[in-house]
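Chains as they are written, first to last, in my numbering: chain D, 33 to 342; chain G, 10 to 228. Cβ coordinates follow ideal geometry from the N, Cα and C atoms, glycine included. None of the values given here were measured: they were computed from a predicted structure. Inspection log for the structure reproduced underneath, given as structure tokens.
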Amino acid sequence: MTRLRVAFAGPHVTFQDSGRPGQMRFGVAASGPMDRKAFAIAQSVFAAPSNAVAIEVSLGGLALDCVEGQVTFAVVGGGFIVQVGPRRLGAWQVHTLHQGERLVIRPGPWGSWTYLVFAGDLGAPQWLGSSATHGPSGLGGGMLVAGQEVRVHNARVVPEGAGFIPCPIWARPRPVIHAVLGPQDRFFSPESLEDLATQPFYLTNSYDRMGLRLRGPSVAPVGALSIPSEPILRGSVQVAGDGLATVMLADHGTTGGYPKIATVVSEDLDGFVQLRPNDAVRFKLITPPQAVAMARAGDRALRTYLARSR
Amino acid sequence: MALYRPIADHAVLVEFGTAINDASHVQVLALDQALAAQPFVGFREATPAFVNLLVDFDPLLTDHATVEAHLRRLADQPLTPRTPNTWNVPVCYENAPDLDEVARRTGLSTEAVIAAHLAGDYRVFLYGFAPGYAYLGGLPEAVKLDRKTTPVRGVPAGQIIIAGTMCLITTLIMPTGWWIIGRTSTRVFTGEQARPFLFDVGDHVHFHRVSQAAFEALP
Numbered sequence: 033m034t035r036l037r038v039a040f041a042g043p044h045v046t047f048q049d050s051g052r053p054g055q056m057r058f059g060v061a062a063s064g065p066m067d068r069k070a071f072a073i074a075q076s077v078f079a080a081p082s083n084a085v086a087i088e089v090s091l092g093g094l095a096l097d098c099v100e101g102q103v104t105f106a107v108v109g110g111g112f113i114v115q116v117g118p119r120r121l122g123a124w125q126v127h128t129l130h131q132g133e134r135l136v137i138r139p140g141p142w143g144s145w146t147y148l149v150f151a152g153d154l155g156a157p158q159w160l161g162s163s164a165t166h167g168p169s170g171l172g173g174g175m176l177v178a179g180q181e182v183r184v185h186n187a188r189v190v191p192e193g194a195g196f197i198p199c200p201i202w203a204r205p206r207p208v209i210h211a212v213l214g215p216q217d218r219f220f221s222p223e224s225l226e227d228l229a230t231q232p233f234y235l236t237n238s239y240d241r242m243g244l245r246l247r248g249p250s251v252a253p254v255g256a257l258s259i260p261s262e263p264i265l266r267g268s269v270q271v272a273g274d275g276l277a278t279v280m281l282a283d284h285g286t287t288g289g290y291p292k293i294a295t296v297v298s299e300d301l302d303g304f305v306q307l308r309p310n311d312a313v314r315f316k317l318i319t320p321p322q323a324v325a326m327a328r329a330g331d332r333a334l335r336t337y338l339a340r341s342r
Numbered sequence: 010m011a012l013y014r015p016i017a018d019h020a021v022l023v024e025f026g027t028a029i030n031d032a033s034h035v036q037v038l039a040l041d042q043a044l045a046a047q048p049f050v051g052f053r054e055a056t057p058a059f060v061n062l063l064v065d066f067d068p069l070l071t072d073h074a075t076v077e078a079h080l081r082r083l084a085d086q087p088l089t090p091r092t093p094n095t096w097n098v099p100v101c102y103e104n105a106p107d108l109d110e111v112a113r114r115t116g117l118s119t120e121a122v123i124a125a126h127l128a129g130d131y132r133v134f135l136y137g138f139a140p141g142y143a144y145l146g147g148l149p150e151a152v153k154l155d156r157k158t159t160p161v162r163g164v165p166a167g168q169i170i171i172a173g174t175m176c177l178i179t180t181l182i183m184p185t186g187w188w189i190i191g192r193t194s195t196r197v198f199t200g201e202q203a204r205p206f207l208f209d210v211g212d213h214v215h216f217h218r219v220s221q222a223a224f225e226a227l228p
């Protein structure tokens, strides 16, 4: 076993596995990684099961001290800076952490989320059969906090694995995201729908794992302030009475009474969350069949990548 | 007539009405149950709400048109809703922080507020807001109040809270703008693997009054 101690953890740094689907009817979103593609690549590095546990690191960053043992690790997702002792590395690399060394992960030139995985098994508490952390409640694996001990069971050193992991073009941030109108687009004026499709929006600092608020043209709903609470999905673009749009993310509330003008396709959500506050984003509206085709193409690209990098 | 609204690449929202009403919710539950009995290839999960059912699917295995056709076939069948469970939930109204304020705002005595709350026949309409927060519809009009203007932080689990015609049992320490009129030993998070959440959507809930002494003696 290798023991690590959290020297520093920024906000929104959590344990995540592939998620906890199937509990929406009880008010529980699936949670899981914000960038599901980067997470899948990270789990493939040491041939871990696709639902293994990783540490999701936000723009807040993370520092871990290796208290006992040694272990090979990989950081995948975003252009984060990774330091081991005096060595300055980057994300999309594999290295080994030894006893007495400090591993620091902090934001680099691009990206908002990255995944730390180990050659071994990360011990994290489970809730409803999953270690994915539901941010607002802290249920599941939980948030990492300074002083906490992190244990890697069956820790291995994989010297031949050291080196670079290719960063595919589709793992980069996406400034244009595809969305399907609705399901409550009927509550918006033609001008608002036009603005949504043509005007730039900007990410704000108002974000967490539940959702990300955008700044841009006001797209206020018309006469819909008291619709009955309806189900919300990851990707729902919800608009409150102030006309500001929020894109709902991994830890979204499961129902809500604000109308949803559009829904971002799942294929583009990973690239969307890798944008940063103040980055511009544009919505490209597509039909449901086009959205399905995108999901299938995205899955093929991921599978091809994983097969080739093995 | 139900409306079928396609969402993104992976869901269909089936809508049975536009305003909260029992008839629409019965249709939501009936389709939910029919779907659980006869799922389609690629079905992931269904989420019932007041007037609509969200049906989520795997876009690698199916698509909106195929799912809609399956749901239309189910909706055309005579649907018999299952017999709902009825749960009896004890409530201690003593030392509830907002009971006096609810009485003042409704013009009732605190005893009349308690009587109104106990008289309600509650149904679980949906879960929302946070894990395990079951919206119980059926609070009598006499104690109907808007939410507080400012939410109160750090409200613990096991509180009985009301707003509008809804009542809720809190499951987590969360902020809420609803009125806290009592507390219960009933846990909606059961901690049991086989049934992690006590209520199914559609279940009935009846409240009964217990004294503080009895409440503290409960396991």
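Pick helix, strand or coil for residue i, following the three-state DSSP scheme.
| i | result |
| --- | --- |
| D67 (chain D) | coil |
| A159 (chain G) | Checking the displayed sequence, the identity of residue 159 (chain G) turns out to be Thr instead of Ala. Coil at T159 (chain G), not helix or strand. |
| T146 (chain D) | strand |
| F219 (chain D) | helix |
| H213 (chain G) | strand |
| A95 (chain D) | strand |
| W124 (chain D) | coil |
| I182 (chain G) | coil |
| R91 (chain G) | coil |
| H166 (chain D) | strand |
| H210 (chain D) | strand |
| I201 (chain D) | helix |
| I259 (chain D) | coil |
| M10 (chain G) | coil |
| F78 (chain D) | coil |
| E103 (chain G) | coil |
| A20 (chain G) | strand |
| M175 (chain D) | strand |
| P46 (chain D) | It should be noted that the sequence gives Thr, not Pro, for residue 46 (chain D). T46 (chain D) falls in the strand class under three-state DSSP. |
| P369 (chain D) | Past the boundaries of the shown model lies residue 369 (chain D); chain D is included only from 33 to 342, so the question cannot be answered. |
| E133 (chain D) | coil |
| L246 (chain D) | strand |
Give a yes or no on whether the minimum CB-CB distance between residue i and chain G is below 8 Å.
| i | result |
| --- | --- |
| F219 (chain D) | no |
| T46 (chain D) | no |
| P215 (chain D) | yes |
| S169 (chain D) | yes |
| L265 (chain D) | yes |
| L244 (chain D) | no |
| E262 (chain D) | yes |
Where do the N-terminal and C-terminal ends of the beta strand (DSSP E) with residue i fall, by residue?
| i | result |
| --- | --- |
| A156 (chain D) | It is not in any beta strand (DSSP E) - A156 (chain D) carries neither H nor E in the DSSP assignment. |
| T358 (chain D) | Outside the modelled stretch of chain D, which goes from 33 to 342, sits residue 358 (chain D), for which no answer is possible. |
| T115 (chain G) | Note, T115 (chain G): premise wrong, no beta strand (DSSP E); alpha helix (DSSP H) at 108-115. |
| E181 (chain D) | 181-185 |
| D65 (chain G) | 61-66 |
| L317 (chain D) | 312-317 |
| Q221 (chain G) | Counting along the chain, Q221 (chain G) falls outside any beta strand (DSSP E), though it belongs to the alpha helix (DSSP H) covering 221-226. |
The alpha helix (DSSP H) that contains residue i, what's its start and end?
| i | result |
| --- | --- |
| L123 (chain G) | The sequence as given places Ile at residue 123 (chain G); Leu does not occur at that position. Looking at the DSSP string, the run of the alpha helix (DSSP H) that includes I123 (chain G) is 119-128. |
| E77 (chain G) | 73-85 |
| L334 (chain D) | 320-340 |
| A45 (chain G) | 31-46 |
| L301 (chain D) | 298-305 |
For chain D, is any of its Cβ atoms less than 8 Å away from the one on residue i?
| i | result |
| --- | --- |
| I16 (chain G) | yes |
| R53 (chain G) | yes |
| A172 (chain G) | no |
| A84 (chain G) | no |
Assign residue i to one of two classes, buried (16 or more other C-beta atoms within 10 Å of its C-beta) or exposed (fewer than that).
| i | result |
| --- | --- |
| G196 (chain D) | Position check: residue 196 (chain D) holds Phe in this sequence, whereas Gly was assumed. Result: exposed. |
| D302 (chain D) | buried |
| H44 (chain D) | buried |
| I16 (chain G) | buried |
| G152 (chain D) | buried |
| N61 (chain G) | buried |
| C132 (chain G) | Reading off the sequence shown, one finds Arg at residue 132 (chain G), where the question assumed Cys. Buried, by the Cβ-count rule. |
| I169 (chain G) | buried |
| P81 (chain D) | exposed |
| A329 (chain D) | exposed |
| T336 (chain D) | exposed |
| K69 (chain D) | buried |
| T89 (chain G) | exposed |
Could you please tell me which residues of the segment 305-333 of chain D, in chain order, have their CB closer than 8 Å to any CB of chain G? P320, P321, A323, V324, M326, A327, R328, D331
To be precise: take each residue of the segment 151-170 of chain G, compare its Cβ to all Cβ atoms of chain D, and keep it if any distance is under 8 Å. Which residues remain? When C-beta distances to chain D are compared with 8 Å, every residue of the segment 151-170 of chain G stays at or above that value.
According to a CB-to-CB cut-off of less than 7 Å, which residues of the segment 50-82 of chain D neighbour chain G? Listed by position along the chain: P53, G54, M56, R57, F58, G59, V60.
Residues within the segment 110-144 of chain G neighbouring chain D, beta-carbon criterion of under 9 Å: F134, L135, Y136, G137, F138, A139, P140, G141, Y142, A143, Y144
Interfacial residues, the segment 275-298 of chain D to chain G, with Cβ spacing under 8 Å: G285, T286, T287, G288, T295, V296, V297, S298
Below 7 Å between beta carbons is the criterion; list the residues of the segment 176-200 of chain G that meet it against any residue of chain D, in chain order. L181
In chain order, what residues of the segment 13-41 of chain G put their CB closer than 7 Å to some CB of chain D? For chain D, the residues of the segment 13-41 of chain G that bring a beta carbon within less than 7 Å of one of its beta carbons are R14, P15, I16, A17, D18, H19, A20, L22, A28, I29, in chain order.
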